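Residue numbers (the working numbering), protein chains in the order written: chain A, 1 to 515; chain B, 1001 to 1371.
In this text, a Cβ means the ideal position worked out from N, Cα and C, and glycines have one as well.
These figures come from a predicted structure and were not determined experimentally.
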Ligand SMILES: Nc1ncnc2c1ncn2[C@@H]1O[C@H](COP(=O)(O)OP(=O)(O)OP(=O)(O)O)[C@@H](O)[C@H]1O
Ligand SMILES: [Mg+2]
């Protein structure tokens, strides 16, 4: 049978590491082919080779049986290969429309034929049910929206081979369902798809076959029909993985964070602001904010961490009123924060790993003396965290974080925040982009911190994560907390109703108010 | 594990080697451009004049006066280059260097001329400190405008340049004992305010003005390098420059970083202005409505060196070398303005070194891939 495309014996090296070691990937027409592997296994690298961003030392690419040399993304595009990158590559101050047509503009003379492009973009948006305003600047969009723009970019270019590098890491369950439908539809239209995900559920739902990578090498191709999750996990990690964390019961202690009637103004583009939100986080408790992306979670976190002004209400942290305090003050007074956007906030990508690990502590006594930073000490600390959190790097503490794989960047941020001195950690999507093994570890870590009497405020779009590790669930809808639930007493369905605004704890439901 | 030729490729594509090679390529192209202009305008003397441009900085054989002159010219260039490069690291393009330079120059002259009675033989020291303070203040004001009022750095810089220049003219004209009425210039700087030669006159001869200030320059470059490389202040500044969002998240004040950067940069530029005018005896400042060229040459100096303070020492000396060579070209009967045009073309062309750096890395990537 003729493959849609083949990558044969691909080897790609970076200084200090062989990212792809003689990997072969063969994808059939109309197939959804999953690519599974630990963080840093080489998935993104392999796909960047196919997309012409990296040039392999060895190996060959064939498209429909004919050898192809893909030197740059332009070549890839001419061969109808499209890619949604793990970290989006959108122009921040362009609108959705401008981003979609960028590089594929239809012009009349030198004048952009915008109306025609707009019509097609609106058509695509309607056909695939993307809720995107073509004139909204990308910088005002949530990550989920940005991703839809990325997908529309490929559809606009009528690509035949579509690469999705961890598309679901930033989506809500509803959006994931939509995406699955879209992908199904696309294969029916004759397109072939490479689907990278760390979520086995998704792979089992959508993929036909799966190639598993481990530490740069291919360890096999599996037909999804007839395979089991445990089997795939073991292939990938090389050991058994506990998919459900073990949780013991802990009686919560004192209140560590007290939020009262908090109101925070909205970031432009979000549906609503945070309105009159009250809750608390106690010692030895994991409180989870659940909700559909864009219902005020981002603003709530910004308000709590000091990244946005609190309009009214108050926030007391470990006995101190922090309502008006600076980010710096909160950072140094027992607040830790795993941010939503690892590239915008979490890391200085051009700093080394060691430099990033001291981002909030570089001035403290154990890292610097008299204003002079002791980088050797920072390196040693970093080495410890590399070992403890299994952060995979090419060159240890001196690795530029820009060159690290997405999941490993995330591990680095989580390591930094959890190893700081804190009473409450605000963790926004802490395991985003991590492999199952890493997620297992981070969940264990969060639970053991809770057992030690820390407070955890977890903001997650991942219902499974919410149900598995939280002690209490607060559901946010349109900027308000509409329900407080206990994971043992609720289920996905009820949670979903709350998140969609169809139900609230005060007995009012959307339908009820009208009646 | 790696083959040896791989190691050499790796070296050639490393950040620092790439910056250096790109700088050299830029300079060579800039020089060729200068030669081309010479060939078009004065074909008969073009080649010898060009040779003068390239070798004039060495002076005559056996006499080191050329080098002494280069070191004197280098002082303001290095300081202005440092003023640009230092703020670039925190993400601010400091176009206002010329204004900071003039402010420093004026404060230096003023203290030098009017306070000699107070400070005695240390007048020069007081004067250059005053220069640094005035330049720093001017830079700080610009920093405030940028950080708190969100003014565009370029517009803000240009505005501050001219405001500074005309403010200086105004104050000079109204300063009794400093200004020579009717002549449009200041009094001569008294000897006590002239920076000591530190023995350099023995080395380079009395005809050159090389003095202690070149050592101050180099020391400050090393100081700036140390700040950026080792200190918490440098860590803050670079974090803001590389990712302001992450800096804010970490509780690093973006505004404070811009303010400190501009304050120090202004002090560097102001010191450069003061040291240039107090470096030679018998100088006066003439009222003018043209901004000092050093402020803009500083941009080239910084960009050639990729803003590395240690590299700025070298690129500053190199540009000074060209300027001295340019002065030498006048002996071929070339119009001074024309000489200015040629050296300026070369110097400002060097500001494009980042373009060549970009092209170089693209080419290097292609070479690596075709291997
Ligand atoms: N541009 C680069 N320069 C240097 N090393 C790199 C570069 N890109 C990737 N690497 C290294 O190659 C390895 C594979 O990275 P890759 O991004 O392909 O992993 P991945 O399988 O996509 O992981 P993740 O699931 O975390 O996204 C990593 O160890 C990374 O450090
Ligand atoms: Mg990846």
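Can you list the residues of chain B that residue i reaches, using a CB-CB cut of under 7 angstroms?
i	result
residue 244 of chain A	The contacting residues do not exist; residue 244 of chain A stays about 33 angstroms from chain B at best.
residue 368 of chain A	1232
residue 328 of chain A	1251
residue 339 of chain A	1249
Looking only at DSSP bridge pairs, what is residue i linked to?
i	result
residue 35 of chain A	A:196 and A:211
residue 1185 of chain B	B:1180 and B:1286
residue 481 of chain A	A:476
residue 262 of chain A	A:277
residue 427 of chain A	A:338 and A:458
residue 220 of chain A	A:212
residue 1159 of chain B	Residue 1159 of chain B is not bridged to any residue.
residue 6 of chain A	A:26 and A:62
Quick one: list the residues of chain A neighbouring residue i, beta-carbon separation under 7 angstroms, in chain order.
i	result
residue 947 of chain B	The structure shown does not extend to residue 947 of chain B, since chain B spans only 1001 to 1371, so no value can be given for it.
residue 1235 of chain B	362 and 373
Under a CB-based cut-off of 8 angstroms, is residue i close to chain B?
i	result
residue 11 of chain A	no
residue 17 of chain A	no
residue 47 of chain A	no
residue 91 of chain A	no
residue 349 of chain A	yes
residue 312 of chain A	no
residue 460 of chain A	no
residue 331 of chain A	yes
residue 344 of chain A	yes
residue 36 of chain A	no
residue 164 of chain A	no
residue 7 of chain A	no
residue 307 of chain A	yes
residue 88 of chain A	no
residue 271 of chain A	Its pLDDT being 48, under 50, residue 271 of chain A is placed unreliably by the model, and nothing is read from it.
Please compile the residues from chain A whose C-beta is within a distance smaller than 8 angstroms of the C-beta of residue i.
i	result
residue 1360 of chain B	Neighbours of residue 1360 of chain B on chain A: none; closest Cβ ~18 angstroms, over 8 angstroms.
residue 1150 of chain B	Going along chain A, no residue has its Cβ under 8 angstroms from residue 1150 of chain B, so there is no contact; the nearest lies around 16 angstroms.
residue 1246 of chain B	344, 345, 346, 347, 348 and 359
Report the neighbours of residue i on chain B: residues whose CB is nearer than 8 angstroms to its CB, in chain order.
i	result
residue 360 of chain A	1250 and 1251
residue 363 of chain A	1232
Would you check whether ligand 3 has a heavy atom nearer than 7 angstroms to the C-beta of residue i?
i	result
residue 415 of chain A	This structure lacks ligand 3; the ligands present are ligand 1 and ligand 2.
Using a Cβ cut-off of 9 angstroms, pull out every chain A residue sitting near residue i, in sequence order please.
i	result
residue 1243 of chain B	343, 344, 345, 347, 348, 349, 350 and 351
For chain A, is any of its Cβ atoms less than 8 angstroms away from the one on residue i?
i	result
residue 1239 of chain B	yes
residue 1073 of chain B	no
residue 1016 of chain B	no
Note to self: Could you tell me which whole beta strand (DSSP E) segments of length 3 or greater appear in the region 274-305 of chain A?
What the structure shows: 274-282 and 285-290
Margin query: If we require 4 or more residues per run, which alpha helix (DSSP H) segments fall completely within the region 32-110 of chain A?
Written below: 43-50, 73-78 and 96-101
Check: Hey, is the region 322-334 of chain A in contact with the region 282-297 of chain A, meaning 3+ C-beta pairs nearer than 8 angstroms?
Finding: no
Item checked: Stretch-stretch touch, CB-based, cutoff 8 angstroms, three pairs: the region 1115-1131 of chain B with the region 1249-1265 of chain B -> no
Check: Fully enclosed by the region 1252-1308 of chain B, which alpha helix (DSSP H) runs are 4 residues long or longer?
Finding: 1254-1277 and 1293-1304
Next item on the list: Could you say if the region 1097-1104 of chain B and the region 1164-1171 of chain B meet the contact criterion of at least three C-beta pairs nearer than 8 angstroms?
Entry: yes
Margin query: If we require 3 or more residues per run, which beta strand (DSSP E) segments fall completely within the region 1074-1150 of chain B?
Written below: none
Checklist line | the region 1072-1079 of chain B touching the region 1290-1301 of chain B, judged by at least three CB pairs closer than 8 angstroms | finding: yes
Check: Is the region 164-179 of chain A in contact with the region 12-28 of chain A, if contact means three or more CB pairs nearer than 8 angstroms?
Finding: no
Checklist line | Stretch pair the region 274-282 of chain A + the region 473-492 of chain A: three plus CB contacts closer than 8 angstroms | finding: yes
Checklist line | Cβ contact check for the region 1204-1224 of chain B and the region 1238-1248 of chain B: 3 or more pairs under 8 angstroms | finding: no
Check: Hey, is the region 1263-1283 of chain B in contact with the region 1045-1053 of chain B, meaning 3+ C-beta pairs nearer than 8 angstroms?
Finding: no
Next item on the list: Any chance you could list the alpha helix (DSSP H) runs of at least 4 consecutive residues sitting entirely within the region 110-177 of chain A, in chain order?
Entry: 114-127 and 143-156
Note to self: Pairs of beta-carbons, one from the region 181-190 of chain A and one from the region 18-26 of chain A, closer than 8 angstroms: are there three or more?
What the structure shows: no
Checklist line | Uninterrupted alpha helix (DSSP H) stretches inside the region 369-443 of chain A (no shorter than 4 residues) | finding: 375-389 and 406-418
Check: Pairing CB atoms from the region 42-51 of chain A with CB atoms from the region 123-139 of chain A, are three or more of them under 8 angstroms?
Finding: no
Check: Which whole runs of the beta strand (DSSP E) in the region 1190-1257 of chain B are 3 residues long or more, in chain order?
Finding: none
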